Amino acid sequence: MSKIPKKIFQTWSIKNISQPFQQIVDLWKILNPEYEYFLYDNNDCEIFIKEHFDERTYNAYCRIIPGAFKADLWRYCVLYKYGGVYADIDTLCLSGIDKFLTEETEFMVPIDLNTNPVEGQHNLFNTLIASNPGNPILLNAIERIVSNVENKRIPPSRLDFCGPGLLGRAANQILGRNETDSFVGLEGNHGKIHFLKFEPNIEIVRDTHGNILFHNKNGNSLLQCLYFMECQKTENYKSWLTMNPI
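To convert a position in the sequence shown, counted from 1, into my numbering, add 6.
Right, here's the structure in full:
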């Protein structure tokens, strides 16, 4: 039996999701019926961090501006507390999660595309994370974000602030590697850690046996359209891709 609790966590600004997009979200439940499912809205996320983490972490969460960056911190926190699986809401689940987990697995994440020289090759695609509770990689990631916020540290790559770059740095440190060591080509099971493959262009995430877990929105035009329609409904939406302050 896997050490990953059978819980799926997702977050969105509100819980009133349009029916077409809800059908996409529901695939995570349909294909994983043995998993508990939790959707946190903005208020839920803030309350969770306030109740379960220290004042420094809560203050850092409140100071972050883009919703996607707040969600980065929250996903590390909720998985550190409860364990389970986090998946971005704009992903299309195509298979059951258990197929990708072994009895040894304590942490599973796709390796990012790592094609931008400015961003390095240490990025882990935090769109999907599976973890046991109390995983040191997640604690390291949380502490790094809090430090970045408190010190107003904006790295050259925004992915290193709280997203894939920061998660990769945290994983490298826990694994005893240099922070920016490359993960390129390391897909597969490595004892307690399972690195999934993120296919460029088509943007599917699979294991080394060809089993596909999910489709990322950037490789699916319908999913992109539905996602952007949901974004338009979000009050004071701030994209992390713009030059808005972090």
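We treat Cβ as the ideally placed atom computed from N, Cα and C, and that holds for glycine. On a predicted model such as this, the values are computed, not experimentally measured, just so you know.
Q.
Give me the residue from 39, 65 and 129 with the minimum Cα distance to residue 158.
A. Looking at the Cα atoms, 65 is the closest of the given residues.
Q) By Cβ distance, which residues of its chain are closer than 6 Å to residue 115, with the 5 residues on each side in sequence left out? A) Within the same chain, residue 115 has close Cβ partners 130 and 135.
Q: Provide the residue(s) that pair with residue 46 in DSSP beta bridges, ordered along the chain.
A: 17.
**Q.** residue 9 versus residue 91: straight-line alpha-carbon distance, rounded
**A.** CA-to-CA, the gap between residue 9 and residue 91 works out to about 11 Å.
Q: Take residue 128 as the anchor and find which of 192, 13, 84 and 83 has the nearest alpha-carbon.
A: In terms of CA proximity to residue 128, 192 leads the group 192, 13, 84 and 83.
Q: Check the DSSP bridge columns for residue 203 and list the partner residues they point to.
A: For residue 203, DSSP records a beta bridge to 117 and 212.
Q: Output the distance between the C-alpha atoms of residue 61 and residue 88, rounded to the nearest integer angstrom.
A: The alpha-carbon atoms of residue 61 and residue 88 are separated by roughly 19 Å.
Q) Per the contact definition of three or more C-beta pairs closer than 8 Å, is the segment 78-87 in contact with the segment 212-230? A) Counting Cβ pairs under 8 Å, fewer than three are found: no touch.
Q) Should the segment 229-242 be regarded as contacting the segment 19-37, the criterion being three or more beta carbon pairs within less than 8 Å? A) Cβ pair count under 8 Å is three or more, so yes.
**Q.** Delimiting residues of the beta strand (DSSP E) encompassing residue 92
**A.** In the DSSP annotation of this structure, the continuous segment of the beta strand (DSSP E) that includes residue 92 starts and ends at 90-93.
Q | Same chain, Cβ closer than 8 Å to residue 180, five either side skipped, listed in chain order | A | The residues are 142, 143 and 146.
Q | CA-to-CA distance, residue 73 to residue 152, given in whole angstroms | A | The straight-line gap from Cα to Cα measures roughly 16 Å.
Q: Identify, in the order they occur along the chain, each residue of the same chain with its Cβ nearer than 6 Å to the Cβ of residue 166, setting aside the five sequence neighbours on each side.
A: Here the set comprises 172.
Q: Leaving aside the five residues before and after residue 154 along the sequence, list all residues of the same chain whose C-beta is less than 6 Å from its C-beta, in chain order.
A: Cβ within range, chain order: 167.
Q. Smallest Cα separation from residue 111: which of 85, 201 and 98?
A. The option with the nearest alpha carbon to residue 111 is 201.
Q | Top-ranked residue by Cα proximity to residue 56, from 94, 84 and 208 | A | Among 94, 84 and 208, the Cα nearest to that of residue 56 is on 84.
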